[in-house]
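Protein sequences, first through last, are from chains A and B.
By full-length UniProt numbering, the letter at position 130 of the first sequence is numbered 130, and the numbering carries on one by one without gaps.
By full-length UniProt numbering, the letter at position 208 of the second sequence is numbered 208, and the numbering carries on one by one without gaps.
Beta carbons: idealized from backbone N, C-alpha and C, even for Gly.
On a predicted model such as this, the values are computed, not experimentally measured, just so you know.
What follows is a short report on a single structure.
2 protein chains.
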Amino acid sequence: MGQTDTVTRILDTAEVLFAERGFAETSLRHITSKAKVNLAAVNYHFGSKKSLIQAVFARYLDPFTERFHAALDELEARYAGGVIPLEELLETMARTVLEVPAERNSLKVFMRLLGLAYSQAQGHLRRYIQGQYGGVFSRFTELVRRATPDLPDAERFWRLHFMLGTVIFTLSGLEALRDIAEKDYGEQVSVRDLVRRLRPVVVAAMSAPLPDATFPAAEAS
Amino acid sequence: MGQTDTVTRILDTAEVLFAERGFAETSLRHITSKAKVNLAAVNYHFGSKKSLIQAVFARYLDPFTERFHAALDELEARYAGGVIPLEELLETMARTVLEVPAERNSLKVFMRLLGLAYSQAQGHLRRYIQGQYGGVFSRFTELVRRATPDLPDAERFWRLHFMLGTVIFTLSGLEALRDIAEKDYGEQVSVRDLVRRLRPVVVAAMSAPLPDATFPAAEAS
DNA sequence: CCTGATGGTAAACAGCTGTTTTAAATTTAC
DNA sequence: GTAAATTTAAAACAGCTGTTTACCATCAGG
Chain A
1 MGQTDTVTRI
11 LDTAEVLFAE
21 RGFAETSLRH
31 ITSKAKVNLA
41 AVNYHFGSKK
51 SLIQAVFARY
61 LDPFTERFHA
71 ALDELEARYA
81 GGVIPLEELL
91 ETMARTVLEV
101 PAERNSLKVF
111 MRLLGLAYSQ
121 AQGHLRRYIQ
131 GQYGGVFSRF
141 TELVRRATPD
151 LPDAERFWRL
161 HFMLGTVIFT
171 LSGLEALRDI
181 AEKDYGEQVS
191 VRDLVRRLRP
201 VVVAAMSAPL
211 PDATFPAAEA
221 S
Chain B
1 MGQTDTVTRI
11 LDTAEVLFAE
21 RGFAETSLRH
31 ITSKAKVNLA
41 AVNYHFGSKK
51 SLIQAVFARY
61 LDPFTERFHA
71 ALDELEARYA
81 GGVIPLEELL
91 ETMARTVLEV
101 PAERNSLKVF
111 MRLLGLAYSQ
121 AQGHLRRYIQ
131 GQYGGVFSRF
141 TELVRRATPD
151 LPDAERFWRL
161 HFMLGTVIFT
171 LSGLEALRDI
181 AEKDYGEQVS
191 VRDLVRRLRP
201 VVVAAMSAPL
211 PDATFPAAEA
221 S
């Protein structure tokens with residue numbers, strides 16, 4: 001192997017470029033030239049560009065799911081079959097999300113990738129992620145369900161996705177927002193600071209009053 | 001002119017394809033063939049693909065800004081220099097956002113485009129939108145500032161973006177989420193329904209308690 | 001020393017991209 | 001009716017895309 005493994009050099013370069021420019025806008029030639037690797041190496045090691053994209057995600061999501069499962073195990077044990085409070089669940093998820101990329105100083109990249117996974121059409125990616133990592137998410141939502149028994153199922157579903165949107169949108173567009181914030185308020189914004197600000201907002205959103213019932217005979221839409 | 005203007009036929013087709021697949025993934029040939037228009041017509045009428053993308057946005061954002069300015073005028077007149085309540089401001093914004101594409105039944109497209117404008121790197125687009133339509137947004141945030149005098153400026157800034165994330169993320173990924181929701185809860189979800197669910201969440205989030213102050217000597221990050 | 005992998009390289013492939021060019025058709029103005 | 005200006009049409013352009021091919025290096029086991 002070279003000074004660093006060719007495979008990891010490709011992954012390291014690819015994830016940064018993907019995060020910066022998106023998948024379609026990042027060519028294999030751009031990746032390989034920046035990684036100082038031969039063009040064919042990508043297809044040799046990964047088979048295709050699609051698989052490379054999935055590999056980039058797997059390198060984050062595999063450790064994430066493992067740690068998250070472990071953290072939930074620990075939590076369930078601590079509460080011994082009782083109900084785990086919502087704050088505790090959210091806190092645990094946030095901590096795990098931050099832990100994984102922290103080791104490589106790449107939270108920004110990780111979040112941006114998550115955002116792309118949602119926004120870019122890339123059907124194969126959503127299917128891959130859903131199939132590979134849908135399990136942890138189900139486990140988490142089930143625990144959230146027990147923590148918020150008053151919330152109708154549909155309402156909880158939507159609110160969870162609202163908050164997912166908040167977090168991914170904010171942290172993935174962080175670069176741009178940070179620039180504006182600093183210009184307007186001269187304030188240095190760290191991720192840690194943002195998470196601190198996010199917490200009360202997410203909690204308040206999840207415990208907001210239920211919406212007024214719609215009149216059953218409202219016009220169709 | 002043909003049965004319908006060539007220019008509008010291009011725009012109609014382009015916005016749908018852009019919304020479905022993103023900008024880079026949508027070729028001019030795809031657009032023109034589906035619009036039954038000659039390939040060169042795009043470059044003839046719009047000059048370039050970039051300009052076509054901007055034109056697609058302008059067709060939504062121009063009427064939006066006009067109406068939104070008018071609605072804010074009306075609101076300021078009604079409250080005669082006094083403070084406009086936050087709920088009123090949010091309500092007005094929501095109403096205007098829904099009004100514009102309602103005439104063409106293309107809210108889904110509009111939201112998806114907004115999401116793309118944020119998530120796709122496309123530097124020129126963000127610059128164009130910021131330069132062309134930054135004004136209304138500034139006016140709106142200033143009114144929000146007066147409506148929430150207790151909120152520190154930075155906190156308000158971030159919360160507004162949190163909520164922007166929630167709305168854009170949800171409504172732009174609506175297709176996918178709708179599929180999941182229907183499968184899981186057998187529920188038909190209309191945009192109107194979603195907006196109804198969003199309202200209490202957004203209000204609660206904006207009025208959430210302030211986060212605990214960080215200890216000044218916390219470790220850097 | 002030969003054999004057979006394994007990892008890496010350069011070149012070529014077919015296909016699609018946005019854009020331009022050239023020519024024909026159509027509309028408008030006088 | 002003729003001339004000028006728009007608009008459409010088809011073809012060609014250069015450039016980039018992901019992928020494949022054929023070839024070379026390195027090195028282990030026999």
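Neighbouring residues, chain A, relative to residue i (Cβ below 9 Å)
i, result
"B/D184", "D153, A154, F157"
"B/A181", "A154, F157, W158, H161"
Neighbour flag for residue i against chain B, beta carbons, 8 Å
i, result
"A/Q132", "no"
"A/G47", "no"
"A/R145", "no"
"A/E25", "yes"
"residue 222 of chain A", "The shown model of chain A, from 1 to 221, leaves out residue 222 of chain A, and the question about it has no answer."
Proximal chain A residues relative to residue i, where beta-carbon distance stays under 7 Å
i, result
"B/V201", "R159, F162, A205, A208"
"B/Q120", "G22"
Chain B residues whose Cβ lies nearer than 8 Å to that of residue i
i, result
"A/I168", "G165, F169"
"A/G135", "Ordered by position in chain B, no residue passes the 8 Å Cβ test against A/G135, which lies about 15 Å from the chain."
Beta-carbon neighbours of residue i, restricted to chain B and to distances below 7 Å
i, result
"A/L177", "H161"
8 Å Cβ cutoff, residue i in contact with chain A
i, result
"B/L116", "yes"
"B/S172", "yes"
"B/F18", "no"
Residue i classed as buried or exposed, judged by whether at least 16 other C-beta atoms fall within 10 angstroms
i, result
"B/V97", "buried"
"B/A40", "exposed"
"B/P101", "buried"
"A/Y44", "exposed"
"A/T170", "buried"
"A/L210", "exposed"
"residue 222 of chain A", "Since the displayed chain A opens at 1 and closes at 221, residue 222 of chain A lies outside it and no answer follows."
"A/G47", "exposed"
"B/I180", "exposed"
"B/S172", "buried"
"A/R197", "buried"
"A/A208", "buried"
"B/D212", "exposed"
"A/G135", "exposed"
"B/D12", "buried"
"A/A70", "exposed"
"A/A176", "exposed"
"A/R159", "buried"
"residue 224 of chain A", "Coverage of chain A is limited to positions 1 through 221, which leaves residue 224 of chain A absent and any answer about it impossible."
"B/V144", "buried"
Cβ-heavy atom distance, residue i to the ligand NAP, below 7 Å
i, result
"B/D153", "With respect to the ligand NAP, the structure shown offers nothing to examine, as it has no ligands at all."
### Task
Could you tell me whether the region 3 to 17 of chain B touches the region 185 to 205 of chain A, using the rule of 3 or more Cβ pairs below 8 Å?
With a cut-off of 8 Å, the region 185 to 205 of chain A and the region 3 to 17 of chain B do not count as touching, because too few Cβ pairs lie within range.
### Query
Between the region 134 to 150 of chain B and the region 110 to 127 of chain A, do three or more beta carbon pairs fall short of 8 Å?
no
### Query
For the 8 Å Cβ check, are there 3 or more pairs between the region 164 to 176 of chain B and the region 198 to 212 of chain B?
yes
### Query
Any chance the region 121 to 135 of chain A sits against the region 75 to 82 of chain A, with 3 or more Cβ pairs inside 8 Å?
At 8 Å Cβ cutoff, the stretches do not touch.
### Message
Check whether the region 78 to 85 of chain B and the region 51 to 58 of chain B are in contact - that is, three or more C-beta pairs closer than 8 Å.
### Response
no
### Message
Does the region 21 to 35 of chain A come into contact with the region 126 to 133 of chain A, if we say contact requires no fewer than three beta-carbon pairs (one atom in each stretch) closer than 8 Å?
### Response
no
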